[in-house]
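To start, the structure itself, in structure tokens.
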Amino acid sequence: MANYLIKRILMLIPLLLGITLITFTVIHLAPGEPVEMQTAMSPKASAASRARLREFYGLDKPLHVQYGMWLSNLSRLDFGRSFAPDNRPVLDKIKERIPITISLNVVALILEFGLALPIGIMAAVHRDTLLDRAISVFVFVGFAVPTFWLALLCMYLFGVKLSWLPISGIHSLGSDHWSWWWRTLDLARHLVLPISIATFGSLAGLSRYMRSTMIEVLSQDYITTARAKGVRERVIIYRHALKNALLPVITLLGFSLPALIGGSVIFETIFSIPGMGQLFYQGVMARDYPLVMGILVIGACLTLVGNLLADLCYAVADPRIRHGRG
Amino acid sequence: MILARILCLLLLLMCAACGQDAPWNKVQAQGGKGAQFVTGSIGEPSTLIPILASDSASSDIAGLVYNGLVRYDKNLKLEGDLAESWDVSGDGLQITFHLRRGVKWHDGHDFTSRDVLYTYRVTVDPKTPTAYAEDFKQVQSAQAPDPYTFRVSYAKPFAPALASWGMPILPAHLLEGKDITKSPLSRNPVGTGPYIFKEWVPGQRLALEANPNYWEGAPHLSRYVYRIIPDNSTMYMELKAGGVDMMGLSPVQYQRQTTSRQFLERFNKYRYPASAYTYLGYNLRLPMFQDVRVRRAITCAINKEEIIQGVLLGMGQIAHGPYKPGTWAYKAKVENDPGYDPARAKALLEEAGYRMGGDGIMARGGKPLSFTIMTNQGNDQRLKCAQIIQMRLRQVGIDVKIRVMEWASFLTNFIDKGKFDAVLMGWTISQDPDLYDVWHSSKTGPKELNFIHYLNPELDRLIVEGRGTFDMAKRRDCYYRIQEILAKDQPYTFLYVPDALPVVTSRIKGIEPAPAGIMHNFIKWYVE
């Protein structure tokens, strides 16, 4: 097992290098440089001031030199400084944004799994009944309705009309003077709408997946045998079938790992949540190369770690994989 | 079971939210002294060191934290800010500023001419990555003979020089000898302005507090909060819910969504011409557009009023030239300015040798009169405008295609390389009427602003003459003549000057709309 693990980790290094090279090339291929985004169409910016800015950011050096410098910095875990006029370290900018994105996505993920699994099981157990159809309609509405539209509707209803919930942001103004309890409640109030809508929007896929795996498991011979032996239906479903039906669903969790830090641009924009999605979008629009590269590298690392974990789980479950047969 | 529990939790939260003793119910509707003002912005400031920033969010904040030597008053005339007065020498080569005494930086230091000299030096320093050095580079020498006098000399008279000293002055005692790009002042500015910087929560808000020692008197609104709300619809809902006190409305919001009695009781809407115009610019390197009759025909075929009604719902006015109506350089009646006249458009095209083909498209020498209008993505008004123009030009026999491009690639691949037929774009109108950067024939190089390649020796001469004198009457004559030439030549079809449409909650009093807009007396706004 240890050999397998070391082999897999060593394989990650060239993979990660390849990813950085491709993303570096792609982002430099996009038209427009950060300097241009800052000075374009400004009567006050002359060719000399442009040249001065390019030199300041090191954009006057050949691409391979820029890549080399970036890579050598990265090897010391230095993500460089942002090309935005504030010139702050990329890592500081990411650190500011990552907690809210992670907590939001973790809560949404827990809710999503917590709701989708029982819904899927219920639909599978009551297959082709009125309940199953009603659930189908419900989850597909969530799937089909554009999230931003639903978000705006809810903001209007709960925020403007009923004044129950705040509309945007994550804290009320002046909340820094409140007690811990009120601050937490305030944060929760701000997150009710975004989290409910994010969860509602992604229920369909997972619950349908759960339903189909459950149906598949319920049609297996050992379930029929259990039924024939007179085992109670509850026991069959929750003790025998669920365990097996959950296995493929759990691998889905592994894939969700990189998405946890990615954030969603549309979502964070509508609800004014200062998360990673917003930061990444701003970075791309401003051609802030170090920022974009930083976020992509962290994302790539997490994807690779997610894949590695998933593979390890398989390997634990199935010895044939770790011995190279399979 | 889990579902039921979560629902219970949500209900509980909502109940808690409705409780009258919850602190969030007490934040709003504060009045009198200590009132706070919340405004919303789509973008977040990039840095609060003004010479390093080029975005409007940064300059919004910088405008409240810093002062320049001069500023525009409510009637858009230059007045003293940190300079109490100034003298221009007889030959126009030297400006002496007499600085205001007793002004203090927010950290308590005295403001002196040393700060002005530092700001000048750091701006022209080749190591400073700023886009604002150009006007200051005209300066031949700068001196601070005593703490309250600052003198600059120019090689030749340069009229925009005065306005260039509206640049925010930076604190020398905190920045001198340090690397300005790494200064903590970019996140924690120290200025002389009416508001003192308090906090910046990234991605969420910035807060400023009234400066009790401000030389014009402390602002009445004691706290200014600048919330970052990247989505316009969200901002509009925040406005209605009381989360922001002011925002700029879109024409649809102004005309259709904010007319109820209930809304008008809670908010005051304002409307005045914005300092910007939208235009259709022609690539004058193309033979098709080198013929002035073709350009005039296109202008005649476009119904500008219809565009204003259709795109802006009437919230704007026709543009005839590069100036804002009502400003001193603007000439109201310009000879030779083509109005909407499709018959004249057809006649002009025929005069230029075009004949109507069987397909309804004019052609000359077998070549149909056809071109593409390019515009940038993300600006719905420009796209609609292009569509209306397309429809009108088709009626006189001109075939128009529309291409919408992402901003950066639009600039890099098309504008910079001169690879376009016509563009639909906009300029902001600066307060000083100098047109050198956009219209002078020396500005046709790569990445320069005369990208349509308009070359006119008479216009060049007038531009240079206009910026080379401080005599207002002489300058006005130059700019009047320039407007006549542009109206005759039609290198652009000037389309419209949109209206700025701010809305402010009615609890805020003391707002005085003026040619400069509504923010000019912000420190006098108050809550009853």
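Each protein sequence line maps, in turn, to chains A and B.
The UniProt record's numbering puts the first sequence at residues 1 to 326.
The UniProt record's numbering puts the second sequence at residues 1 to 528.
From the three backbone atoms N, C-alpha and C, an ideal C-beta is built for every residue, glycine too.
Note that the structure is predicted; figures quoted are calculated from it, not measured.
| Query | Result |
| --- | --- |
| Would you identify the three-state DSSP class for cysteine 154/A, choosing helix, strand or coil? | helix |
| State the Cα-Cα distance for the pair alanine 514/B and lysine 74/B, rounded to the nearest angstrom. | 6 Å |
| Nearest to valine 311/B by alpha carbon, out of Ala62/B, Asp55/B, Ala473/B and Ser250/B? | Ser250/B |
| Please list, in chain order, all residues of the same chain as serine 183/B whose beta carbon is under 7 Å from its beta carbon, the five residues on each side excluded. | Ile49 and Leu175 |
| Using a C-beta cutoff of 7 Å, does tryptophan 149/A count as contacting chain B? | no |
| Just grab the DSSP bridge partners of alanine 123/A for me. | The partner list for alanine 123/A (beta bridge, DSSP) is empty, contrary to what the question assumes. |
| Answer with yes or no whether the minimum CB distance from isoleucine 270/A to chain B is below 7 Å. | yes |
| With which residues is threonine 505/B paired in a DSSP beta bridge? | Phe267/B |
| Who does phenylalanine 97/B pair with in a DSSP beta bridge? | Trp86/B and Phe150/B |
| For the beta strand (DSSP E) containing arginine 364/B, list its first residue and its last residue. | 362–364 |
| Would you report the Cα separation of alanine 144/B and glycine 191/B, rounded to the nearest angstrom? | 20 Å |
| Under 8 Å between beta-carbons, which chain A residues line up against glutamine 204/B? List them in chain order, please. | Gly169, Ile170, His171, Ser272 and Pro274 |
| Quick one: Cα of tyrosine 120/B to Cα of phenylalanine 280/A, how far? | 35 Å |
| Between which two residues does the beta strand (DSSP E) harbouring proline 498/B extend? | 492–500 |
| Specify the secondary structure class of tyrosine 480/B as computed by DSSP and reduced to three states. | helix |
| I believe valine 497/B touches alanine 276/B by the beta-carbon criterion, under 8 Å. Please report the beta-carbon distance rounded to the nearest angstrom. | 7 Å |
| Return the chain-ordered list of same chain residues with a C-beta closer than 7 Å to the C-beta of isoleucine 361/B, the five sequence neighbours on each side being excluded. | Pro368, Leu369, Ser370, Gly397 and Asp399 |
| Using a beta-carbon distance below 7 Å, is residue 362/A in contact with chain B? | In the structure as shown, chain A begins at 1 and stops at 326. Residue 362/A is therefore absent and cannot be evaluated. |
| Compute the Euclidean distance between the alpha carbons of alanine 29/B and glycine 339/B, then round it to the nearest angstrom. | Because alanine 29/B carries a pLDDT of 47, less than 50, the predicted location of this residue cannot be relied on, and the following value inherits that uncertainty. Spanning the two alpha carbons is a distance of roughly 51 Å. |
| Expressed to the nearest angstrom, what Euclidean distance is found between the alpha-carbon atoms of threonine 181/B and valine 124/B? | 14 Å |
| Take proline 147/B and list the residues in its own chain whose beta-carbon comes closer than 6 Å to its own, dropping the five residues that flank it on each side. | Thr112 and Ser113 |
| Compare the Cα-Cα distances from leucine 21/A to each of Val106/A, Met293/A, Leu308/A and Val305/A and report the closest residue. | Met293/A |
| Buried or exposed, going by whether 16 or more other CB atoms sit within 10 Å of the CB of phenylalanine 410/B? | buried |
| If you check the beta carbons only, do glycine 80/B and alanine 57/B fall under 7 Å apart? | no |
| So, with DSSP's three-state summary, where would you put asparagine 305/B? | Reading off the sequence, residue 305/B comes out as glutamate, not asparagine. Helix, per DSSP. |
| Against chain B, with Cβ distances strictly below 7 Å, would leucine 257/A count as a contact? | no |
| To test your reading of the DSSP string, which unbroken beta strand (DSSP E) runs of 3 or more residues are found completely within the region 349–389 of chain B? | 362–364 and 370–376 |
| As a quick exercise: from Lys240/B, Lys417/B and Tyr154/B, pick the residue whose alpha carbon is nearest that of valine 160/A. | Lys240/B |
| Identify whether threonine 269/A lies in helix, strand or coil by the three-state DSSP scheme. | helix |
| Report the three-state DSSP secondary structure of residue 567/B (helix, strand or coil). | Given that chain B is displayed from residue 1 to residue 528, the structure contains no residue 567/B and the question cannot be resolved. |
| Mind checking which residues open and close the beta strand (DSSP E) that includes lysine 198/B? | 195–201 |
| Where does the unbroken alpha helix (DSSP H) through glutamine 66/A begin, and where does it stop? | 63–75 |
| Cβ of glycine 31/B less than 7 Å from any chain A Cβ? | Legend: pLDDT at glycine 31/B = 49, less than 50; position of this residue unreliable, value from coordinates given subsequently. For glycine 31/B, the answer is no, since every Cβ of chain A falls outside 7 Å of its Cβ. |
| Is the beta carbon of glycine 166/B closer than 7 Å to that of glycine 68/B? | yes |
| Of the residues that make up the region 127–154 of chain B, which ones have a beta carbon closer than 9 Å to any beta carbon in chain A? | Lys127, Thr128, Pro129, Thr130, Ala131, Tyr132, Ala133, Glu134, Asp135 and Lys137 |
| Thinking leucine 348/B and tyrosine 454/B are a contact (beta carbons under 8 Å), I'd like their distance in whole angstroms, please. | So it is not a contact: roughly 19 Å between Cβ atoms. |
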